[in-house]
Amino acid sequence: MKTATTAPRNTDTAKAIEFENLKRRLHNKLVDKLDLSRIGELQGDTLRREIRMVIEHLCDAEGTMLNRAERERLIEEVLDETFGLGPLEMLLKDPSISDILINGPKHIFVERRGKLERTEVQFRDNAHLLQIIDRIVSKVGRRVDEVCPMVDARLEDGSRVNAIIPPLALDGAAVSIRRFGSNPLRLEDLLNYKAFTPEMVMLLEGAIKARLNIIISGGTGSGKTTLLNTLSSFIPNDQRIVTIEDAAELQLQQEHVVRLETRPSNIEGKGEIKATDLVRNALRMRPERIIIGECRGPETLDMLQAMNTGHDGSLTTLHANTPRDAVARMETMIMMSGFEMPIKAMRQQISSAVQLVVQANRLQGGPRRVTHITEIVGMEQDTVVMQDIYHYVQSGIDESGRARGYFEATGVRPSFMDRLEAAGIRLPASAFRQRVMLQD
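Structure representation (structure tokens):
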């Protein structure tokens with residue numbers, strides 16, 4: 003019985019190995035055969051069609067015993083190896099995948115609908131993986147090598163990439179890809195996913211149109227960037243927006259957007275452009291809105307000063323687990339600027355600059371929720387005073403291991419309502435009446 007089950011498995015393994023060897027031979031022959039001067043004359047689909055014909059001829063010359071489906075798969079994978087990101091291409095084409103996590107050449111995991119699962123996709127070896135990483139980072143003017151073994155980059159569709167290579171990564175290069183599709187999630191999508199409620203959206207839309215300054219806070223993978231993309235859609239189309247990011251991933255749909263991106267130092271350690279440099283430069287560009295993809299350090303002080311000096315309606319994200327933690331995190335990042343400031347003065351800067359903290363969290367089992375919309379009211383002695391307008395209460399776990407709960411209005415009427423009304427935005431009093439608004 004044991005022999006009967008082992009033989010087919012060994013046969014399948016041998017076929018898979020032969021397929022990979024054939025793919026490698028075809029790719030090597032293709033590289034030798036390509037006319038580089040001819041390639042320079044062709045672009046896009048035309049180039050791909052020409053190369054496909056070359057691969058088909060090479061495949062015929064090999065005399066391969068493949069059926070039609072296997073032959074088509076072979077040709078597509080050689081094309082992916084030549085023009086794309088090799089083994090990653092099939093994962094990048096799957097819209098259900100939100101994260102791709104590579105732990106060395108043989109262990110690739112993906113997240114689908116909040117669940118991690120291992121795939122059968124593999125690279126040949128670490129050199130193959132490093133080749134694909136270099137292909138990713140070189141397209142955005144970055145580099146990764148022993149001198150600079152960590153890098154942030156992005157794919158053409160805006161997906162965020164982080165890579166770390168040996169000797170820092172002990173078991174082979176590690177890559178994390180956070181997917182951002184070419185079609186960003188719309189407001190209706192987030193409502194369908196129960197990320198928040200219509201009442202919460204109504205308040206956030208009013209706050210953005212009335213030019214309140216908003217911080218989106220959350221942990222890794224909580225959906226901060228998606229939320230920032232969605233909320234920025236409420237900014238009027240005729241306003242000039244300047245965005246500042248370490249790796250450009252925002253997908254604003256307005257016409258008047260200027261996108262700025264930081265730059266690491268070159269191999270000689272020169273030429274670095276930091277986020278704080280870009281914030282200061284953005285102030286000279288007549289922005290009507292400044293959006294910082296994520297505050298991570300000294301640029302926080304420049305952002306707060308901009309908010310306090312007439313650049314209302316600014317937005318940013320930062321890493322924190324609660325609205326109160328977000329304030330503490332801003333204090334820490336102000337200290338990173340090297341500017342000596344009493345703690346009370348820091349808190350006064352924060353409380354006068356920021357009106358709302360929107361807290362996003364990824365709950366057990368994968369659902370992402372806006373768990374707090376919190377107003378920063380002001381100062382009482384040395385304390386920043388905050389009040390929840392809406393929050394999400396987790397009530398348990400369902401049979402599949404997903405968190406369950408409900409959204410609740412706290413009964414607090416925001417103190418900035420006069421500012422919304424002055425901007426012509428009127429929200430019904432019932433939107434703030436204390437009650438359970440939505441259960442999931």
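Residue numbers (my numbering): 3 to 442.
Beta carbons are placed, not taken as given, at the ideal position from N, Cα and C, and that holds for glycine.
| Asked | Found |
| --- | --- |
| Nearest neighbour of S178, chosen from G223, E78, M92 [CA to CA] | G223 |
| Close beta carbons around R437, own chain, < 6 angstroms, minus the five adjacent residues each side | A411 |
| Reduced DSSP secondary structure (H/G/I, E/B, other) of S100 | strand |
| Burial state of P238, where buried means 16 or more other Cβ atoms lie within 10 Å | exposed |
| For Q441 and E190, the rounded distance between their alpha carbons | 18 angstroms |
| Length at least 3, wholly inside the region 351 to 438: the beta strand (DSSP E) runs in chain order | 358 to 364, 370 to 382, 385 to 399, 405 to 411 |
| Pairwise C-alpha distance: F182 and P97 | 10 angstroms |
| Ranges of the beta strand (DSSP E) found wholly within the region 74 to 132, counting only runs of at least 3 | 99 to 105, 110 to 114, 117 to 120 |
| Three-state class that DSSP yields for M335 in the structure shown | helix |
| When S140, R406, T385, T199 are compared against A433, the one with the closest alpha-carbon | T199 |
| Neighbourhood of R120 by C-beta, 6 angstroms cutoff - its chain only, sequence neighbours within 5 removed | F111 |
| Limits of the unbroken alpha helix (DSSP H) element including E247 | That residue, E247, is in no alpha helix (DSSP H); its beta strand (DSSP E) goes 243 to 247. |
| T319 - containing beta strand (DSSP E), residue span | 317 to 321 |
| Environment of D248 [buried if 16+ CB atoms lie within 10 Å] | buried |
| Any chain D beta carbon closer than 8 angstroms to S219 | The displayed structure is made up of one protein chain only, and chain D is not part of it. |
| Exposure of L206, with buried meaning 16 or more beta-carbon neighbours within 10 Å | buried |
| Delimiting residues of the alpha helix (DSSP H) encompassing M204 | 200 to 211 |
| Distance between V163 and K117 (C-alpha atoms, nearest Å) | 20 angstroms |
| Whole-Å CB distance - Y394 paired with R371, under 8 angstroms assumed | 5 angstroms |
| Check whether N363 and T376 have beta carbons under 8 angstroms apart | no |
| Opposing strand residues paired with N164 [DSSP bridges] | D154, S178 |
| Nearest-angstrom Cα separation, counted from H313 out to V123 | 48 angstroms |
| First through last residue of the beta strand (DSSP E) which encompasses S219 | 216 to 220 |
| Inter-residue Cα distance where the pair is R50 and R145 | 27 angstroms |
| Helix, strand or coil at G441 according to DSSP, with G and I counted as helix | For clarity, residue 441 is Gln in the given sequence; the question names Gly instead. Strand at Q441. |
| Sufficient close CB pairs (3 or more, under 8 angstroms) joining the region 295 to 312 to the region 333 to 351 | yes |
| Same chain only: Cβ atoms within 7 angstroms of V329, ignoring 5 sequence neighbours per side | I352, V386 |
| Beta strand (DSSP E) segment containing L262, residue limits | 259 to 263 |
| Cross-strand partners of I293 (DSSP beta bridge) | T245, L317 |
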